[in-house]
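Input: a single structure, listed below in structure tokens.
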Amino acid sequence: MPVCCDCKQTLPRGEFAKSQAKKPAEARRCLDCAAKVQCGSNTGTSSNTCNDGPSTSSGTSHWQRVDLPPGVGSSAPVEPGRKAKMINLVGRKELNGTGCKIERLLPNGRVAVTVRHLPNTPLEHTEQLSVKPENLDVSYNCDPYGTHKTLDGGAVKLEECPICFERVIDPNGMSNDSASIWECCGQRTCNRCFVEQNTRGTNTDACPLCRADLSDCSPEACLKRIQVRADRGDANAMYNLGGFYDYGQAGVRMDQALARVWYEKAALKGEARAANNLGCSARDGEGGPINKQLAAKWFKVGAELGHVQAATNYAIALMRGDGVEKDAKAAERWLKASAKAGDELAEQQLEVLQMMNSGEFDRYMSSMTI
-10 MPVCCDCKQT
0 LPRGEFAKSQ
10 AKKPAEARRC
20 LDCAAKVQCG
30 SNTGTSSNTC
40 NDGPSTSSGT
50 SHWQRVDLPP
60 GVGSSAPVEP
70 GRKAKMINLV
80 GRKELNGTGC
90 KIERLLPNGR
100 VAVTVRHLPN
110 TPLEHTEQLS
120 VKPENLDVSY
130 NCDPYGTHKT
140 LDGGAVKLEE
150 CPICFERVID
160 PNGMSNDSAS
170 IWECCGQRTC
180 NRCFVEQNTR
190 GTNTDACPLC
200 RADLSDCSPE
210 ACLKRIQVRA
220 DRGDANAMYN
230 LGGFYDYGQA
240 GVRMDQALAR
250 VWYEKAALKG
260 EARAANNLGC
270 SARDGEGGPI
280 NKQLAAKWFK
290 VGAELGHVQA
300 ATNYAIALMR
310 GDGVEKDAKA
320 AERWLKASAK
330 AGDELAEQQL
340 EVLQMMNSGE
350 FDRYMSSMTI
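Here my numbering is used: position 115 in the sequence shown is 104, and no number is missing along the way.
Next comes the structure, spelled out in structure tokens:
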């Protein structure tokens, strides 16, 4: 009989045990332990100027979980191999909002993480850090737009880099590693060309696409160039400004209320990531009061725009009746779409929903009642 990897109890007979038996031994959980892991929701994501989202490396290590104090951290457990964002750092404030990979849990209670800088370029390098668990916002495994797939199962449209015409890039910024954005004009090139244009040859102080002067590389100048684009109505620039204020990046003070403002402006322009982040802010009370109705509204907007995590978050709201009328059938449709696109949390929640619909969850909990 399969055994729960957390409490080491034998899993009860039934469909749930059969589904768990198909998983690796280190990932099998009883209903009680699974509920502790599955009760969360996807968190929002921010981005830096060049790449539209934090880049992380992949890998595996020994499995162990850290349970955070109440109200600290995000929905996913702190486990080796998971992706996370660094938050509320004091000594390294410039890394707040930066993506990393959890390597291992240290004996002193801290967590060893790896940060990947300039991925897929000649200057790619990694940095190892030791941080506290509460400084990690851990996410379930999921590319915001799937692995080059849309929610309806179609392939994401890719384009050639306008400089080298050799490497393909994601014109919508869906992939963390495929493209870099020039802060002056908002146009995209592949990461390799971005780095080469900034480090080699002549005229490196000018944008190769719009010829804008980029000689001033200070955070203030960078912020000013993005602010100009945002004021012109550029949705990506608005989204990035929201991320800067959300995490206190690019030399600005953290102001999550202002982050909400820029996320909403970007979402109204059709920026799906901003819609998901805005939903997370409303759900978690960041930058304003908790508003489940507003959260559900923006999760739905992000989901309809094709954002996988937003679709999962909207499905969870439908399951729980958080800010929207309960609708198990609609929740199942969104969860199936997200799970097909590779969202780990959607797979888990779909399993829970199916158990609830079959009554197995209630029967199991009744059998545990003394």
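Just so you know, even glycine gets a beta-carbon here, dropped at the ideal spot from N, CA and C. All figures in this text were calculated on a predicted structure; none of them were measured in a lab.
- Contact annotation: residue 239 and residue 233 have beta-carbon atoms nearer than 7 Å.
- Assigned with DSSP and collapsed to three states, residue 223 falls in coil, not helix or strand.
- Assignment of residue 128 by DSSP, reduced to helix, strand and coil, places it in the coil class.
- For residue 335, the enclosing alpha helix (DSSP H) has its first and last residue at 333 to 347.
- In the three-state DSSP reduction, residue 173 falls in the coil class, being neither helix nor strand.
- If you ignore the 5 residues before and after residue 119, its C-beta comes within less than 6 Å of the C-beta of 99 and 101, all in its own chain and listed in chain order.
- DSSP places residue 211 within a helical segment (H, G or I) once states are collapsed to three.
- Non-local beta-carbon contacts of residue 280 in its own chain, meaning distances under 7 Å to residues more than five positions away in sequence, involve 271 in chain order.
- Residue 117: member of the beta strand (DSSP E) spanning 114 to 120, first to last residue.
- Secondary structure of residue 202 (DSSP, three-state): strand.
- Counting only the Cα atoms, residue 148 lies some 16 Å from residue 175.
- Here residue 100 carries a strand assignment [DSSP, helix/strand/coil].
- Residues of the same chain with a CB within less than 6 Å of the CB of residue 114, apart from the 5 flanking positions on each side, are 106 in chain order.
- For residue 247, the CB contacts under 6 Å within the same chain, skipping 5 residues up- and downstream, are 234 in chain order.
- Secondary structure at residue 153: coil, using DSSP grouped into helix, strand and coil.
- For the pair residue 154 and residue 201, the Cα-to-Cα distance works out to about 22 Å.
- A Cβ-Cβ distance of about 5 Å is found for the pair residue 332 and residue 297, placing them in contact under the 8 Å criterion.
- A residue is called buried once 16 or more other Cβ atoms fall within 10 Å of its Cβ, and residue 345, having fewer, is exposed.
- Judged by DSSP in its simplified three-state form, residue 322 adopts helix.
- Residue 90 carries a strand assignment under DSSP once its states are collapsed to helix, strand and coil.
- C-alpha of residue 339 to C-alpha of residue 152: approximately 43 Å in a straight line.
- Residue 347 and residue 341 have their C-alpha atoms spaced approximately 10 Å apart.
- Look at residue 254 here: in three-state DSSP terms it is helix.
- Per DSSP, reduced to three states, the secondary structure at residue 308 is helical.
- Where residue 281 is concerned, the enclosing alpha helix (DSSP H) starts and stops at 281 to 293.
- In the three-state DSSP reduction, residue 299 falls in the helix class (H, G or I).
- Here residue 292 is near residue 300, since their CB atoms are less than 7 Å apart.
- Scanning its chain for C-beta atoms nearer than 8 Å, with the 5 sequence neighbours on each side dropped, one finds around residue 199 the residues 171, 173, 174 and 176, in chain order.
- Counting of Cβ neighbours within 10 angstroms places residue 206 among the exposed residues, the total staying below 16.
- Inter-segment contact for the stretch 247 to 259 and the stretch 80 to 92 is absent: fewer than three beta-carbon pairs are separated by less than 8 Å.
- In this structure, DSSP gives residue 83 a helical state, which the three-state scheme calls helix.
- Cβ neighbours of residue 156 within its own chain (closer than 6 Å, five residues either side excluded): 150 and 179.
- By the C-beta density criterion, residue 126 is buried, having at least 16 other C-beta atoms within 10 angstroms.
- Residue state for residue 217 is assigned as helix, using DSSP reduced to three classes.
- In the DSSP assignment, residue 330 falls outside any beta strand (DSSP E), carrying neither H nor E.
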